[in-house]
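In what follows, a structure is listed as structure tokens, so that the remarks can point back to it.
Printed below as a string of structure tokens:
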């Protein structure tokens, strides 16, 4: 049976690779992002700014007009923010990060349930930073930790849907490049760790990670709903 998948952040990186691979598998793929990737002709797309929370319900409703069931929702879009100490990070920026990385995902889930669309699986793309003490990660780490907990809470409220948070590991994206070119590696150890990972060839391409994510989707269903796990662990 043909799968139906909804993915956020499909304009580049992991989200784009996921949309491409699912399209090749003949799935019905729906995407939310600022721009539509021209390379994926079969993608059903809606251009959105995920920070505009009040507009999201109508955008989602318009995109999914004919959809009654979604096999998998992959909440992938994220805002990294900047690497700096928390005391130097404005609450304005923290709110922007939270709106995209956390609250937009709440709006998406709520809208799907309000539209009475049956959703089999929701996977939130998390980060190892949600678990570790990473000086400088700030809003990103906070938002991903909160996202993990959001999945746990929905798992209680929506027993008919399986929820999970998945940390994919290091991916070769524009965000990764930005982090690696930061000038204060001595101050923020995570930046030096990323540089070392690059030198060791330990950073995977979006395509490679997308393949592993799709392979792992059924395995995630074997974990308790609301679980946090890493791609390395679940793809064994």
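In my numbering, the protein residues as written are 159 to 394.
Ideal Cβ placement from N, Cα and C applies to all residues, glycine included.
- One thing to note: residue 329 has its Cβ no nearer than 8 Å to the Cβ of residue 190.
- In the DSSP annotation of this structure, residue 299 is not part of any beta strand (DSSP E); the continuous alpha helix (DSSP H) holding it starts and ends at 297 to 315.
- Under the three-state reduction of DSSP, residue 369 is assigned to helix.
- With respect to residue 292, residue 218 sits apart: the two C-beta atoms are not nearer than 8 Å.
- In this structure residue 256 is buried. Its beta-carbon is surrounded by 16 or more other beta-carbon atoms within 10 angstroms.
- Listed as beta-bridge partners of residue 389 by DSSP are no residues whatsoever.
- Counting along the chain, residue 265 sits inside the alpha helix (DSSP H) bounded by residues 262 to 272.
- For residue 159, the number of other beta carbons within 10 angstroms of its own is below 16, and it is reported as exposed.
- Using a Cβ distance threshold of 8 Å, residue 233 and residue 187 do not count as a contacting pair.
- Judged by beta-carbon spacing, residue 301 lies within the 8 Å limit of residue 259, meaning their Cβ atoms are closer than that value.
- As for any beta strand (DSSP E) of minimum length 3 sitting wholly inside the region 201 to 225, the runs are 202 to 205, ordered along the chain.
- DSSP, read as helix, strand or coil, puts residue 257 in helix.
- The beta-bridge partner set that DSSP reports for residue 227 consists of 276.
- In the three-state DSSP reduction, residue 327 falls in the coil class, being neither helix nor strand.
- Remark: C-beta atoms of residue 326 and residue 273 do not approach each other more closely than 8 Å.
- By the C-beta criterion, the region 305 to 317 is judged not to be in contact with the region 243 to 253, since fewer than 3 inter-stretch pairs fall below 8 Å.
- Looking at the DSSP output, residue 189 sits in a beta bridge with 165, 203.
- Here residue 320 is bridged, per DSSP, to 279.
- Residue 181 is not a Cβ neighbour of residue 212, given a cutoff of 8 Å.
- In this structure residue 308 is not in contact with residue 269, their Cβ atoms being roughly 15 Å apart against a cut-off of 8 Å.
- Taking 8 Å as the cut-off, the beta carbon of residue 229 is found closer than this to the beta carbon of residue 163.
- Shortest Cα-Cα distance from residue 376 to any of 367, 392, 365, 364 involves 392.
- For the 8 Å CB-CB criterion, residue 306 and residue 278 do not form a contact.
- Distance check between residue 202 and each of 294, 237, 224 places 224 closest, using alpha-carbon atoms only.
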